[in-house]
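Chemist:
There are 2 protein chains.
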Amino acid sequence: MGRSHSEPQAPLRADAITYGLLPELIGYRLRLAQIAIFRDFCVKVGEADITPTLFGVLVLIDANPGMKQTQLAEAIQLDRSSVVSVLDKLEARKLVERIRAPDNRRANALHLTAAGRELLHTLTPQVLDHERRLVSRLSAEEQAQLRTLLGRVVAGLQQNDELPLPTAP
Amino acid sequence: MGRSHSEPQAPLRADAITYGLLPELIGYRLRLAQIAIFRDFCVKVGEADITPTLFGVLVLIDANPGMKQTQLAEAIQLDRSSVVSVLDKLEARKLVERIRAPDNRRANALHLTAAGRELLHTLTPQVLDHERRLVSRLSAEEQAQLRTLLGRVVAGLQQNDELPLPTAP
DNA sequence: TATTGTTATACTCTATAACTATA
DNA sequence: TATAGTTATAGAGTATAACAATA
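Here the protein sequences come in this chain order: A and B. Residue 119 in the UniProt record's numbering is what sits at position 119 of the first sequence, and the numbering runs on without skipping anything. Residue 73 in the UniProt record's numbering is what sits at position 73 of the second sequence, and the numbering runs on without skipping anything.
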């Protein structure tokens, strides 16, 4: 494994770096892709302080008005308590409202405000533009296949069992 | 966009959650996949306190003995200063050594210790096993295609330009 | 002056555990 | 007892900026 340890001591040229096992690992490539995507998203989606997660929350609440925090937590793969701080941020920016659910006074029904919907309308084309850049080297067919393959990776892991939630990347 | 706001107020059933735009977005699916992968990696790769990043660093140093910290930083997409703390951790565990480079006394040549190589040998089959689980629903052909497509996503974004480094996911 | 590594620092994201109020 | 949300807290991971040693 790796270069033998009796090799010459000349410093490694930058372009001589090798990656060992890593390029074989889909997990590794996925990680690189996600880092690149996250950076591109944050740079190119104009409105400051919108991350992919916050955008996802806006989309979900818009698509499911009245949804509960626990449902949101499950949908975006966060702990309930993490959702609280995400919503605190969005509510402070008047993008989201928590409305005490009349049928169950423990729960909050989540709704976008008018400003939240407006922001979502502004962001969506920017996100689609980012997405277009993402797949700039893929044919329509390849894009569809990538979606399918990624979906199957997730499904393959989730079937395994209920995992605990180590602090994610 | 979303459900009309004059709909009945019955609480959303859990299985009625919809995802709006999100399933169309490759960026979103990639994120879900990466979260699932990270969790599976941490649960299933036995040696405690080895994350995908730390494993990647071990592989890279093994494949490029004598490499410099700056080269490592570029290879794993971290800032120089972040590499310092990663290496501090690995050096404290006696897995990696920094050896003052004789030809350039500013730089450190990085090497795995015997223990580091041994750990890498222990981990590698576990990582491959994790990887196998990852692609359990993919044919060999599909696996190869997924690797290719992910590589092209990264390449497509990186050509754009030198991005600053917002704190990543 | 530029480069390499380091330090000091701060920020973001996230989870855990214990708590409140409802059910 | 169980569930929904909250709080307090802690930890991991990362970047920025200023610095020392070396080139």
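Ideal Cβ positions, reconstructed from N, Cα and C, are used throughout, including at glycine.
Quick one, which of Ala33(A), Leu25(A), Leu22(A) and Gly27(A) has its alpha-carbon nearest Gly156(B)'s?
Modeler: The option with the nearest alpha carbon to Gly156(B) is Ala33(A).
Chemist: So what does Ile99(A) bridge to, in DSSP terms?
Modeler: Looking at the DSSP assignment, Ile99(A) forms a beta bridge with Ala109(A).
Chemist: With a threshold of 6 Å on Cβ separation, who are the neighbours of Gly75(B) within its own chain once the five nearest residues in sequence on each side are excluded?
Modeler: Rather than Gly, the amino acid found at residue 75(B) in this sequence is Ala. So the qualifying residues of the chain are Leu60.
Chemist: Does chain B have any CB closer than 7 Å to the CB of Ile76(A)?
Modeler: No, no contact with chain B.
Chemist: Hey, how far is the Cα of Glu91(A) from the Cα of Arg132(B)?
Modeler: Their Cα atoms are separated by approximately 42 Å.
Chemist: Should the segment 47-61 of chain B be called in touch with the segment 112-123 of chain B, which here means at least 3 C-beta pairs below 8 Å?
Modeler: With a cut-off of 8 Å, the segment 112-123 of chain B and the segment 47-61 of chain B count as touching, because enough Cβ pairs lie within range.
Chemist: Quick check on Leu128(A): buried or exposed, where buried means 16 or more other Cβ atoms within 10 Å of its Cβ?
Modeler: Label assigned to Leu128(A): exposed.
Chemist: Using the C-alpha atoms, what's the distance from Leu22(B) back to Leu54(B)?
Modeler: Taking the straight line joining both Cα atoms gives about 31 Å.
Chemist: Does DSSP put Leu165(A) in a helix, a strand or coil?
Modeler: For Leu165(A), the predicted model reports a pLDDT of 44, less than 50, meaning its position is unreliable; a value from the coordinates is still stated below. Here Leu165(A) sits in coil by DSSP.
Chemist: Quick one: list the residues of chain B neighbouring Gly20(A), beta-carbon separation under 7 Å, in chain order.
Modeler: Result: Val59, Leu60, Asp62 and Ala63.
Chemist: Flag this pair as touching only if the segment 61-75 of chain A and the segment 92-111 of chain A have three or more C-beta atom pairs under 8 Å; answer yes or no.
Modeler: Verdict: yes, contact present.
Chemist: When you compare only the Cα positions, how much space is there between Ala16(A) and Thr18(B)?
Modeler: Ala16(A) and Thr18(B): Cα-Cα distance of roughly 48 Å.
Chemist: Return the residues of the segment 121-136 of chain B that lie within a Cβ-Cβ distance of less than 9 Å from chain A, sorted by chain order.
Modeler: Cβ contacts with chain A: His121, Thr124, Val127, Leu128, His130, Glu131, Arg133, Leu134, Val135 and Ser136.
Chemist: With 7 Å set as the bound, which would you pick, yes or no: does the beta-carbon of Gly54(A) sit closer than that to a beta-carbon of chain B?
Modeler: The displayed chain sequence assigns Leu, not Gly, to residue 54(A). Closer than 7 Å: no.
Chemist: So is Ile35(B) in contact with chain A if we call contact Cβ pairs under 7 Å?
Modeler: At least one chain A Cβ lies under 7 Å of Ile35(B).
Chemist: For a quick check, are the C-beta atoms of Leu146(B) and Ile37(A) less than 7 Å apart?
Modeler: Going by C-beta atoms, Leu146(B) is not nearer than 7 Å to Ile37(A).
Chemist: Going along the chain, which residues of its own chain have a beta-carbon closer than 8 Å to the beta-carbon of Leu134(A), five neighbours each way excluded?
Modeler: Excluding residues within five positions, the ones whose Cβ falls inside 8 Å are Ile37 and Asp40.
Chemist: Just to confirm my understanding: we take Lys94(A), look at its own chain, exclude 5 residues before and 5 after, and list those with CB closer than 6 Å. What are they?
Modeler: Closer than 6 Å at the Cβ level, and outside the excluded window around Lys94(A), lie Thr113 and Ala115.
Chemist: For a contact defined as C-beta to C-beta under 9 Å, what are the partners of Gln145(A) on chain B?
Modeler: Neighbours of Gln145(A) on chain B, chain order: Glu142, Gln145, Leu146 and Leu149.
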